[in-house]
Every structure is written in structure tokens, then in C-alpha cells.
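Notes follow the structure.
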Amino acid sequence: MMRWIRFGAALALLWASMAGAEPRVLIFGTYAADKPTTTLKKIKPRLKALEAALNGAGKEPVVLRYRIAPSYEKGLDELLRGKVDFARLGPASYVEAKSRNPAVRVLALESRKGRTRFKGVIAVRQDSPIRSVAELAGKRFAFGNRRSTIGRYLAQAYLLDHGIRADDLAGFEYLGRHDKVGWAVAMGQFDAGALKESTFNKVVKAGAPLRILATFPNVTKPWVAAPQLDEAVFQRLRAAMLSLGPEAFLPGDDGDFAVIRDAIERSARFFGD
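Under full-length UniProt numbering, think of the first position of the sequence shown as 1, with each following residue one higher.
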């Protein structure tokens, strides 16, 4: 279900009345890779700060609205169809969006402690006898969403690099979300699973008896412009994002995602293609 939340509308409308102009409404889109409430908690502070930066003195007033799509597919579709003006995507979803419409452009990359890289993990139970990735042969593995960067593509490329293909596993499933992967492994439904390091830390803090078997790098999430967004608004959004400082956003472009394109291609070989 789409959830709409308006930030700073009253303030923007006040500026608009003072300036004699209607505020520009920009719609931000994303999808829930974790629980929707977790996604909301992550993006709400950034959207509030971004709206404030966009509404500087003398600028055309802007109101930001957003909605959370119920799936990766729906979130991507809304961006490509122009239902939202800009969006927060996972790296693999951005690569797919760019391949479907080259007019999709990167505005900026989210910052993780001043960096544009963070970790995905392969987790096992604390009491698991598994000590190396090679020992996953003959075991059951939990992936995230079929379009997840960490939960599918990077994990499958990593397994392939360490001699494990789909046929080597006793079985695998796509569980849809990072938190579901963590809990499924913790409850013994799977021997191992791939998820974000931040989600791993959260489920462990909540009591999941997990440990990290392996880690691999990923690119932070890009905020991207929809194909129809005009150049002036694109530049204004980018400038406002970067004005929030390196702890919020960092510069980025399509070249940052070469490693993701490579992982997507290699993940096909995980199935023996």
C-alpha cells in the first residue's frame, strides 16, 4: 500500500504566499527492502533536510511528498513511468532502470560514514559448524529479493567466485527482505543467507543467534532522477543534496555501478548459464 507523507507543507505554502507563487511539488519514491517502518526511519531525516535546503531564501518554494512502493518492481515501474520525480533505488535496480531508459540519471549517492561503499554479509547461526564458504555445498541458502543487489546478485557472484553454484546447494529460496533472511537463518530454516550488514546487526541486537561467515562490498544507494525531470530541477536537487555535506550525500555517476553490472552478469553463471 502506498504511504504518502508531506514534509514542511505549511512552511512551503507560507513562502509561496509571500512570494506570490504556487509551490513546486516533487514526489520522491522508494520501495521497502526492509520493513516499511525501517525504510521510513532511514529516509525521513534526509527528506526533511533536503526540503529545507531546497527552500532557501529567494528560491521557488518546494514541497516534497513521498510514497513507498510495496515491491522492487513497483518502485522501479513508478520511476520509469514518471509517477515520481526522483527516487532512492538499490544499485541493481538503478542498473536495470538505466538499461530500460538511459535518461535515468544519478543525482547523488548516499553516504555511509563519508563513504560510498558498505558491506553485505553471508550469515550463519552462531552454533553452525560451517567455517568457510566452500562448506556451503550441500546446504540450504536464503537470498533476499530477486532484484536485490546484496540479497541476490552480489551474493551469487560471491558464491560463484568461491566455487559454489546453484546446483551445489541442497536448495535455496528468495525471501523478499533482508530482515526475513536474517530471522530465517536464525531459526534454522536455512543454513546460511545473504543480507545487509546493518540489518544483520539489527536482528542480532534483537536476539538472533547469528555470526558472519563472509563479507563483500557494495555501492551505497543512489538517489536518481526520473526520465522526465527537467534539467533545472535536476541541478537544483543535486546541489541541495550535496549541500547537506559528506555525511549525507556524496557525488556519484553511472561509472560507480560498473561493479554491479559485472556482478549481475556473473550471477547468471551461478545457475550454470
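From the three backbone atoms N, C-alpha and C, an ideal C-beta is built for every residue, glycine too. The model shown is predicted, which means the values in this text are computed figures rather than measured ones.
Query, Result
"With a CB to CB cut of under 8 Å and the five nearest residues on each side skipped, what residues in its chain are close to G114?", "P246, E247, L250"
"Taking Q189 as the reference, which of P222, A123, A134, D85 has the closest Cα?", "A123"
"Could you tell me whether the Cβ atoms of T30 and T39 are closer together than 8 Å?", "yes"
"In whole angstroms, what is the alpha-carbon distance linking P61 and V106?", "23 Å"
"Within the same chain, show all residues whose beta-carbon is closer than 6 Å to that of D85, passing over the 5 residues directly before and after it, in chain order.", "L26, I27, A226, L229"
"Pick helix, strand or coil for N218, following the three-state DSSP scheme.", "strand"
"Taking the alpha helix (DSSP H) that A258 belongs to, which residues open and close that run?", "258-269"
"Compare the Cα-Cα distances from Q156 to each of Y94, L50, L195, P70 and report the closest residue.", "L195"
"Who does L210 pair with in a DSSP beta bridge?", "R125"
"With a cut-off of 8 Å on the beta carbons, I'd call I43 and R112 a contact; round off their distance for me.", "I43 to R112, Cβ: 14 Å. No contact."
"G90 by DSSP, collapsed to three states: which one?", "coil"
"Buried or exposed: which applies to P91, given that a residue is buried once 16 or more other Cβ atoms fall within 10 Å of its Cβ?", "buried"
"Report yes if the CB atom of S243 is closer than 8 Å to the CB atom of A53, and no otherwise.", "yes"
"Who are E110's beta bridge partners in DSSP?", "F249"
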